[in-house]
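See below for the structure under consideration.
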Amino acid sequence: MQAARGVASDLYSGLERASWYSSCLVPHYNDACQELKAEEIRTVYSVQSIFRYHDVLGHMLQLYFEMVYDDIKNGNPKGGARGLAKTGANVASHLAVTKATRNATTYAVAQLLVQSEFLSKAVVEKLAGKISFAVVAIQFFGLEQKAALAARALKSLDSQYYWILYQAKLEMLYYFIEPILADIIKRVKSGLYFNFEDLAEDLRERYGV
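Taking my numbering, I'd label the letters of the sequence shown as residues 442 to 650.
Written out as structure tokens, the structure reads:
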């Protein structure tokens with residue numbers, strides 16, 4: 442039943458995206474048409490990126506946590522983690538952290554989510570129900586539509602992270618980690634966490650990893 446709903450949703454989104462291409466017939470909507478075409482190209486780039494990384498979703502998550510980590514360390518008031526603060530007692534230790542430690546820390550947190558049941562289930566549900574060749578083209582078009590909308594939502598939610606993914610040619614894959622990361626981004630931006638360690642501990646508790 443879940444797979445059937447997934448197929449129906451993909452097909453609907455595919456037909457919706459196809460209908461949007463009617464904008465290409467109207468000169469007044471040329472910008473919308475060009476945006477659709479650009480998303481087609483970015484989708485190809487993102488699919489190619491799957492083969493560039495051993496663990497593409499883990500890499501995307503690590504890019505986010507590296508951004509958060511650096512914003513805390515540098516006291517960036519405009520960064521994605523602007524709500525997180527450093528205390529005077531922690532300043533020296535943050536400034537002394539090496540790149541190797543940063544990479545190890547952010548990688549570990551990213552892997553906590555990659556290995557979580559929540560993310561695994563979310564990805565499976567998004568890919569479930571891939572069926573006959575007769576509908577696979579429309580279904581892929583539907584996935585592309587959902588991916589494009591997720592990328593647009595990310596650009597509004599956290600433009601800094603969006604451009605990090607864009608430069609890595611990965612933003613069209615954000616759709617697959619959106620169920621878990623969108624909430625984390627909102628919590629970070631709300632200033633819920635006092636430091637990076639609080640964020641990591643909360644993720645362990647919330648996702649049971």
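Note that the Cβ used here is the ideal one computed from N, Cα and C, for glycine as well.
The structure displayed is predicted, hence computed values, not measured ones.
- Leaving aside the five residues that flank H500 on each side, the residues in its chain whose CB is nearer than 6 Å to its CB run, in chain order, Y494.
- Minimum Cα-Cα distance from T542 among the listed residues E585, Y510, K596 corresponds to Y510.
- Rounded to the nearest whole angstrom, the C-alpha separation of D643 and P468 is 50 Å.
- In this model, I621 and L498 are separated by some 12 Å (Cα to Cα).
- For K587, the number of other beta carbons within 10 angstroms of its own is at least 16, and it is reported as buried.
- CA-CA distance, V555 to E481, rounds to 27 Å.
- With respect to Y615, L606 sits close: the two C-beta atoms are nearer than 8 Å.
- When C465, S463, L502 are compared, the shortest CA-CA separation from S557 is found for L502.
- Around the beta-carbon of D624, fewer than 16 other beta-carbon atoms lie within 10 Å, marking it exposed.
- E585 is classed as buried because its beta carbon has at least 16 other beta carbons within 10 Å across all chains shown.
- Straight through space, the alpha carbons of E646 and F637 are spaced by roughly 15 Å.
- Non-local C-beta neighbours of L598 in its own chain, meaning closer than 7 Å and more than five positions away in sequence, comprise A623, I626, ordered along the chain.
- About 28 Å separates the Cβ atoms of S463 and K610, ruling out a contact at the 8 Å cut-off.
- The criterion of a C-beta distance shorter than 8 Å is not satisfied by L553 and I618.
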